[in-house]
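Line by line, the protein sequences are chains W and U.
If you read the first sequence in numbering that gives the first Met the number 0, its first letter stands for residue 0, the second for the next number, and so on.
If you read the second sequence in numbering that gives the first Met the number 0, its first letter stands for residue 0, the second for the next number, and so on.
To start, the structure itself, in structure tokens.
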Amino acid sequence: MYAIAIHGGAGAVPRATLSAERERFYRAGLEAALDGGYAVLERGGTSLDAVAAAVRLLEDHPAFNAGHGAALTRDGAAELDAAIMDGRQLRAGAVASVRHIKNPIDLARRVMEKSRHVLLVGAGAEEFALEEHFTLVPNQYFRTAERLGQLESEQRGERVSDLVPPSPHGTVGAVACDASGNLAAATSTGGMTNKRPGRVGDSPIIGAGTYAKNGVCAVSATGHGEYFIRAVAAHHVVAAVEYRGLTLAQAAHELLHVVLRGLGGEGGLIAIDRAGGVIMDFSSEGMFRGVRDASGRREIAIY
Amino acid sequence: MSRPPLPAILALLLVPAWLVCGAAHGAAPPPIAIVIHGGAGVIERSKMTPAREASYRNGLAAALDAGYAVLERGGSSLDAVTAAVRTMEDDPQFNAGRGAVLNQEGDAELDAAIMGGAGPRAGAVAAVRHVKNPIELARLVMEKSPHVLLVADGAEDFALEQGVALVPREYFRTEQREHELEEARRAEAARPAGTPTTHARALSGENSMGTVGAVALDRDGNLAAATSTGGLTNKHTGRVGDTPLIGAGTYASNDCCAVSGTGQGEYYIRQVVAYDVCALVRYRHMGLAQAVHEVVQVKLRHSGGEGGVIALDRAGNIAMDFNSAGMFRGARDSHGRREIAMYHDSAAR
Numbered sequence: 000m001y002a003i004a005i006h007g008g009a010g011a012v013p014r015a016t017l018s019a020e021r022e023r024f025y026r027a028g029l030e031a032a033l034d035g036g037y038a039v040l041e042r043g044g045t046s047l048d049a050v051a052a053a054v055r056l057l058e059d060h061p062a063f064n065a066g067h068g069a070a071l072t073r074d075g076a077a078e079l080d081a082a083i084m085d086g087r088q089l090r091a092g093a094v095a096s097v098r099h100i101k102n103p104i105d106l107a108r109r110v111m112e113k114s115r116h117v118l119l120v121g122a123g124a125e126e127f128a129l130e131e132h133f134t135l136v137p138n139q140y141f142r143t144a145e146r147l148g149q150l151e152s153e154q155r156g157e158r159v160s161d162l163v164p165p166s167p168h169g170t171v172g173a174v175a176c177d178a179s180g181n182l183a184a185a186t187s188t189g190g191m192t193n194k195r196p197g198r199v200g201d202s203p204i205i206g207a208g209t210y211a212k213n214g215v216c217a218v219s220a221t222g223h224g225e226y227f228i229r230a231v232a233a234h235h236v237v238a239a240v241e242y243r244g245l246t247l248a249q250a251a252h253e254l255l256h257v258v259l260r261g262l263g264g265e266g267g268l269i270a271i272d273r274a275g276g277v278i279m280d281f282s283s284e285g286m287f288r289g290v291r292d293a294s295g296r297r298e299i300a301i302y
Numbered sequence: 000m001s002r003p004p005l006p007a008i009l010a011l012l013l014v015p016a017w018l019v020c021g022a023a024h025g026a027a028p029p030p031i032a033i034v035i036h037g038g039a040g041v042i043e044r045s046k047m048t049p050a051r052e053a054s055y056r057n058g059l060a061a062a063l064d065a066g067y068a069v070l071e072r073g074g075s076s077l078d079a080v081t082a083a084v085r086t087m088e089d090d091p092q093f094n095a096g097r098g099a100v101l102n103q104e105g106d107a108e109l110d111a112a113i114m115g116g117a118g119p120r121a122g123a124v125a126a127v128r129h130v131k132n133p134i135e136l137a138r139l140v141m142e143k144s145p146h147v148l149l150v151a152d153g154a155e156d157f158a159l160e161q162g163v164a165l166v167p168r169e170y171f172r173t174e175q176r177e178h179e180l181e182e183a184r185r186a187e188a189a190r191p192a193g194t195p196t197t198h199a200r201a202l203s204g205e206n207s208m209g210t211v212g213a214v215a216l217d218r219d220g221n222l223a224a225a226t227s228t229g230g231l232t233n234k235h236t237g238r239v240g241d242t243p244l245i246g247a248g249t250y251a252s253n254d255c256c257a258v259s260g261t262g263q264g265e266y267y268i269r270q271v272v273a274y275d276v277c278a279l280v281r282y283r284h285m286g287l288a289q290a291v292h293e294v295v296q297v298k299l300r301h302s303g304g305e306g307g308v309i310a311l312d313r314a315g316n317i318a319m320d321f322n323s324a325g326m327f328r329g330a331r332d333s334h335g336r337r338e339i340a341m342y343h344d345s346a347a348r
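Below, the structure is given as structure tokens:
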């Protein structure tokens with residue numbers, strides 16, 4: 000059964016702070032990404048194309064912490080990370096700390112397909128983008144008034160970004176299973192508001208924020224990246240399913256509510272198994288998420 | 000000289016008794032051990048002169064003993080792996096720190112990671128160009144920042160904030176590495192037209208060798224792992240391999256083992272090699288050597304990835320395995336084992 004799941008970040012999302020109008024705005028963004036990705040699967044496309052399409056739509060949407068509307072570093076610039084993984088042959092591509100790539104997920108995919116590398120960072124990644132005929136955009140493109148406001152509040156010492164969704168740990172991601180049973184995962188983020196330039200979280204690290212392995216599962220995580228890196232979060236789920244025979248739900252639950260909670264980290268993840276079964280779990284107050292599959296299931300949720 | 004205090008005298012009196020009791024009950028003092036590697040790849044004996052071989056062996060022995068000395072005086076495994084890796088970073092023979100291989104722009108671009116099995120805690124840096132000992136900066140990231148991975152200019156900015164003096168890029172360059180870069184560039188110029196630049200192979204001969212790493216176990220039973228590298232000769236600027244990625248090239252957890260890898264980094268990233276060794280030990284209940292064998296000789300080999308892995312568990316079990324022609328390596332522990340090896344026929348017992 001083909002299916003896709005997406006997330007738009009996990010964190011504190013108190014209902015009181017999310018006006019009906021804002022909530023509609025977020026839901027519309029999630030729906031567009033979910034349906035965009037699903038349309039690829041519906042017309043027989045690959046899971047890799049589906050997750051790339053869904054993540055690109057989330058990157059372009061200003062509400063989410065990736066691409067346009069990404070969280071800003073302490074220097075006031077957007078610095079973006081992304082990764083994509085194809086479960087077929089464990090192929091993967093990722094970029095980190097890029098400042099002029101409109102859709103980092105597209106560059107991550109290009110790294111996977113056109114280079115012999117998996118991860119390119121900083122100016123070198125942008126040099127590769129130019130070699131691959133990407134058009135670079137000014138950093139201004141990513142900045143929104145809302146993110147500048149959050150940065151200023153954060154720098155004044157207020158933790159308001161915890162109250163303004165998406166949370167400071169927001170990230171976007173997608174996992175999919177196509178009609179051939181191929182799994183794929185993709186994740187993209189601007190990282191934490193007011194982060195130190197050069198800080199890289201779990202999103203672009205294969206095994207931490209992103210992993211896909213045919214016959215097992217595909218995982219995209221969102222949360223406090225440093226904890227997810229130390230826990231090798233995405234691969235923890237894969238190993239728990241593959242080596243211990245846990246269900247995807249058990250593996251995700253153990254990671255989020257036992258391992259990461261033990262370390263003091265919170266967040267969420269979406270995962271899909273080889274049969275198209277989807278798990279969306281989180282230890283934070285909320286997670287922007289959506290799932291759609293060939294059986295007719297289609298849902299968007301926040302809390 | 001003043002008289003030693005009473006507790007010290009009592010302690011001295013108690014030591015022999017404790018040793019006797021320990022022997023009587025079969026309880027040995029907790030083991031300490033350190034294992035290092037100086038890279039895996041093609042080591043052709045025909046190209047290895049006795050002088051060069053002796054020089055590599057000396058370099059490995061210096062790092063091994065520097066790390067072991069820390070453990071022997073009761074130091075932490077984190078201090079031991081840092082000391083061993085720093086020694087190899089400073090030795091121009093190895094592909095880390097001074098003498099690191101050069102990227103397409105002719106610069107050394109360095110990656111390093113360290114992880115302590117208690118916590119676990121981790122720190123890493125990637126694509127730095129002016130940091131003399133990247134392993135020390137990785138450790139500062141772990142200890143003095145809330146982050147795990149800092150890259151490029153941002154990482155160097157952090158170094159300056161921490162009072163780490165930066166060095167000019169020239170510091171890292173050696174004649175040997177410049178010669179290797181020239182060769183790689185010539186090979187690339189000869190590649191078929193139309194091949195994307197980044198497809199050009201940089202992995203040839205000793206160019207793929209030399210990532211350095213160490214794993215250690217201290218008296219308190221804490222494991223640690225550290226890895227440092229210059230990556231691939233003529234690599235794309237900004238290319239980051241497995242070394243600084245927690246779970247790929249470096250991993251340590253007191254729950255199972257400490258692992259440091261060396262080889263074709265892209266394969267190590269995709270297979271999350273270091274963590275996979277631990278997962279096989281923990282979940283499939285494999286012995287350490289069996290888990291390392293499964294990852295290096297079965298999984299990596301099957302996917303076409305070349306390289307090796309060193310690993311150590313809390314019982315002091317040591318594993319050193321590689322599917323390449325050779326791996327510079329060494330091991331030393333409190334059972335009196337001390338060995339340095341390069342080829343298969345001198346593989347670890």
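A virtual CB, placed ideally from N, CA and C, is assigned to each residue, including glycine.
Close CB contacts of residue 117(W) within its chain, under the 8 Å cut and outside five residues either way in sequence, are with 91, 92, 93, 110, 111 and 205 (chain order). Non-local beta-carbon contacts of residue 95(W) in its own chain, meaning distances under 6 Å to residues more than five positions away in sequence, involve 80, 120, 199 and 203 in chain order.
Using a Cβ distance threshold of 7 Å, residue 55(W) and residue 104(W) count as a contacting pair.
Neighbourhood of residue 196(W) in chain U, by CB distance below 8 Å: 152, 153 and 156, in chain order.
With the rule of 3 Cβ pairs closer than 8 Å, the region 209-221 of chain U counts as touching the region 248-257 of chain U. By the neighbour-count criterion, in which a residue is buried when 16 or more other Cβ atoms sit within 10 angstroms of its Cβ, residue 279(W) is buried.
Going by DSSP, residue 82(U) is part of the alpha helix (DSSP H) stretching over 76-89.
Around the C-beta of residue 297(U), fewer than 16 other C-beta atoms lie within 10 Å, and the residue is accordingly described as exposed. By the C-beta criterion, the region 126-144 of chain U is judged not to be in contact with the region 284-292 of chain U, since fewer than 3 inter-stretch pairs fall below 8 Å. Distance between residue 291(W) and residue 274(W), taken at the CA atoms: about 14 Å. Shown here, residue 132(W) sits in coil according to DSSP, grouped into three states, outside any helix or strand. In terms of Cα proximity to residue 211(W), the closest of 194(W), 237(W), 22(W) and 190(W) is 237(W).
Residues of the region 66-94 of chain W whose Cβ lies closer than 9 Å to any Cβ of chain U, in chain order: 72, 78, 84, 88, 89, 90, 91, 93 and 94.
Straight across, the Cα-Cα distance linking residue 105(U) with residue 107(W) is about 25 Å. Collapsing the DSSP output to three states places residue 153(U) in a helix.
Between residue 31(W) and residue 188(W), the C-beta gap is not smaller than 7 Å, which leaves the two residues out of contact. In the three-state scheme derived from DSSP, where H, G and I count as helix and E and B as strand, residue 177(W) is classed as coil. By the Cβ rule, the region 221-231 of chain U counts as touching the region 112-119 of chain U, because three or more pairs are nearer than 8 Å.
At a cut-off of 4 residues, the continuous stretches assigned as alpha helix (DSSP H) that sit fully inside the region 212-276 of chain W are 224-229, 232-243, 247-253 and 259-262. Here residue 85(W) is not near residue 220(W), since their CB atoms are 7 Å or more apart.
DSSP places residue 122(U) in the uninterrupted beta strand (DSSP E) bounded by 120-127.
DSSP places residue 268(U) in the uninterrupted alpha helix (DSSP H) bounded by 264-269. Chain U places no beta carbon closer than 7 Å to that of residue 104(W), leaving this residue out of the contacts. Residues of chain W whose Cβ lies closer than 8 Å to the Cβ of residue 265(U) are, in chain order, 115, 116 and 117. Around the CB of residue 190(U), fewer than 16 other CB atoms lie within 10 Å, so the residue is classed as exposed. Using beta-carbon distances, residue 245(U) counts as an interface residue toward chain W, with a partner under 7 Å.
The Cβ-Cβ distance between residue 327(U) and residue 59(U) falls below 7 Å.
At least one CB atom of chain U sits nearer than 7 Å to the CB of residue 234(W). Under the three-state reduction of DSSP output, residue 146(U) falls in the coil class, being neither helix nor strand. Interface criterion not met: the Cβ of residue 208(W) is under 7 Å from no Cβ in chain U. Using a Cβ distance threshold of 7 Å, residue 97(W) and residue 125(W) count as a contacting pair. By the 16-neighbour rule on beta-carbons within 10 angstroms, residue 87(U) is buried. Residue 44(W) and residue 177(W) have their C-alpha atoms some 7 Å from each other.
DSSP, reduced to helix, strand and coil, places residue 302(U) within a helical segment of the structure shown.
Of the residues assessed, residue 139(W) falls on the exposed side of the cut-off, its CB having fewer than 16 other CB atoms within 10 angstroms. Residue 282(U) reaches chain W at 238, 239, 242 and 243, counting residues in chain order whose Cβ is nearer than 8 Å.
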